[in-house]
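Worksheet: one structure, shown below.
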Amino acid sequence: MKQINEVVLTGKDLTIEQIKAVARDYATVRIGKEALNKCKKGYDILQEKIYRKEKIYGVTTGFGEFSQVFIDPDRAAQLQLNLIRSHSTGVGDPAKEDIVRATMLCRANYLSSGMSGGRPVLLQTLVELLNKRVTPMILEQGSVGSSGDLAPLAMMVLPMIGEGEAFYQGKRMSGKDAMKKARISLIKLQAKEGLAFINGDTFMAGMGALELYDALQIAKLSEISCAMTMEAIEVVLQAMDEKIAKARRFNGQIIAARNLRRLMDKSEILSDPSQRVQDAYSIRCAPVILGASRESLLWIKRQFETEINAAQDNPLVFIDTKEVLSGGNFHGQPICMPLETMAQAIQEYANSSEIRQERMNNPYYSKILPAFLIESGGLNSGFMMPQYASAALVNENKILCYPGIVDSIPVSAGQEDDCSMGTNAALKIQRILRNTRYVIAIELMLACQALDFKKGKKPGKGLRAVYELIRKEVPYIKEDSILYTYVDKIFQLISNEKIVDVVEKTIGRLEEPQDLEKPL
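Residue numbers (this note's numbering): 2 to 521.
Here it is in structure tokens:
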């Protein structure tokens, strides 16, 4: 993938890859000229409405259940300051730096639309924080994902007004000190500007965007680990035939089958056709199973790239018609459903990986590998226990896949009576991703061990590169050894994208469903 060094904000074309580049790789952020012009126009329209003392939610009224309370325009600034202070009610652990940076970028992109009614300085300050690596301290729990991610986004604002806490140059300090050290001017909030910062599902959107990037990496890893297991058990290749996949008409299945074949291409192990007619579902149906998750992730990406370029506020300033309209664009439902689907798609990768581990460990299934992949079984337990770890992790993933979206709880005296709970969906995916990386790491460890029983025959070219990379860190196990350190070494290779990188450098980029048009 081409490295992204700069991202220009326009409010309409931010991508998942750009979010990752800014959040994790510290790509520079720049504001497009058109974005600043739109901010100024939106601000002028709102100020005209305020001057006329029109009743506007969150500008000349209170918030939530207090929306019927009129607030004099002279107290508009105090109203916004009170909003940020009162809504800074996050709990739990501080969110990771990359998640906070992704959140800030997504909010800055929304402000670039000019529909918030805030001054350009709001956008400029957020971008300055990103470029100077000042990271507000946000506690990750406490959002119901309906009227936006109110608590985490309020905590994001605190350092900009000289309050709260932030991280700067590796140290946690007061927000005021962080701003001073980074030489960033504080903001004095004006009418609607507190609301412009916090009324939207931006915390779950930023977090979910990074999780989606990681899930797309997991999709490739799953095809790699699956192909390596297929080599280990000497798969019946016929099930990977593209004609079979095309007959089903799903691009995900077609691509999964194609990638599996490419990974096993030039295999010495599979040079002679198998004597079996077909394999168990976990092997034979792998293109279908892996492809279904790929299809889901493609849909999720489309939903997210719509949301991160959308107006999520209330009220919204419409520049062309000079209207300020109140609605519900802050609600997290449009990405909560994709988040819940993402959790299930990732879990299916873990689930199928754990099942494949049993195909290698159990000689009744493999027919060609020693029990638990070890010489002198009985005296040695071999790779019996790593599968236990996989089973435990998969079980935890299944528990986490319960959809919180179906369990809404009313808040704000019933005014906000249908909440998405999408932030909880995003938070649990952090754990599901971690668990799944470990499960795949275990499968790769077992598969490398199994390949060492192939009497010198080598796997496909792409898998050979993975095998050689792992063998630099993890040796062949001849007798029982402590294995957790080896699992962790492969986990680190996965987390640092080394395994996908070595494959794509060897055989070219693994394909994705969007590379194909729908088959006839």
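Using N, Cα and C, we set each Cβ at its ideal position, and we do this for glycine too.
Own chain partners of residue i with C-beta closer than 8 angstroms, once the 5 adjacent residues on each side are dropped
i	result
residue 224	257, 260, 261, 264, 291, 511
residue 470	494, 499, 500, 503
residue 4	22, 26
residue 364	370, 371, 372
residue 124	10, 32, 36, 37, 40, 109, 112, 113
residue 122	188
Cβ-based neighbour list, residue i, same chain, cut-off 6 angstroms, excluding 5 preceding and 5 following
i	result
residue 168	136
residue 520	Its pLDDT being 47, under 50, residue 520 is placed unreliably in this model, and the coordinates cannot settle the point.
residue 68	58, 62
residue 463	264, 504, 507, 508
residue 208	100, 427
residue 377	none
residue 480	381
residue 309	15, 107, 206
Proximity below 8 angstroms, CB of residue i to CB of residue j
i	j	result
residue 1	residue 268	The chain is shown from 2 up to 521; residue 1 falls before or after that span and cannot be answered.
residue 32	residue 128	yes
residue 442	residue 398	no
residue 312	residue 111	yes
residue 65	residue 36	no
residue 450	residue 468	no
residue 287	residue 191	no
residue 89	residue 24	no
residue 347	residue 424	no
residue 293	residue 433	no
residue 204	residue 158	no
residue 320	residue 118	no
residue 440	residue 341	no
residue 331	residue 148	yes
residue 422	residue 409	yes
residue 195	residue 81	yes
residue 85	residue 28	no
residue 47	residue 193	yes
Residues bridged to residue i [DSSP beta-bridge criterion]
i	result
residue 241	Answer is none; residue 241 lacks a bridge partner.
residue 142	92
residue 167	137, 174
residue 381	378
residue 147	149
residue 9	31
residue 424	DSSP lists no partner for residue 424.
residue 62	71
CB contact check: residue i to chain C, cutoff 8 angstroms
i	result
residue 244	Absent from the structure is chain C; it holds one protein chain and no more.
Element boundaries [beta strand (DSSP E), containing residue i]
i	result
residue 31	29 to 32
residue 325	324 to 326
residue 513	Taken as a continuous stretch (DSSP letters only), residue 513 belongs to no beta strand (DSSP E), as it is neither H nor E.
residue 317	317 to 319
Proximity test, residue i beta-carbon vs the ligand ZN heavy atom, cut-off 7 angstroms
i	result
residue 481	Ligands are entirely absent from the displayed structure, and the ligand ZN is therefore not among its contents.
Beta-carbon proximity list for residue i, same chain, < 7 angstroms, skipping 5 on both sides
i	result
residue 526	Limits of the chain in this structure are 2 at one end and 521 at the other, which puts residue 526 out of reach.
residue 302	17, 213
residue 173	138, 166
residue 44	118, 119, 120
residue 401	344, 429, 432, 433
Start-to-end residues for the alpha helix (DSSP H) that takes in residue i
i	result
residue 464	462 to 472
residue 305	287 to 308
residue 492	485 to 496
residue 128	121 to 132
residue 204	203 to 234
residue 99	98 to 112
residue 195	194 to 199
residue 337	334 to 362
residue 262	252 to 265
residue 18	17 to 26
Given 8 angstroms as the limit, is there contact between the region 175 to 188 and the region 231 to 240, that is, 3 or more CB pairs closer than that? The region 175 to 188 vs the region 231 to 240: no contact.
On the three-pair Cβ rule with 8 angstroms, is the region 355 to 363 touching the region 278 to 289? Because the criterion of three Cβ pairs below 8 angstroms is met, the region 355 to 363 and the region 278 to 289 touch.
Specify whether the region 185 to 196 and the region 214 to 224 touch according to this definition: at least 3 beta carbon pairs, one from each stretch, less than 8 angstroms apart. no
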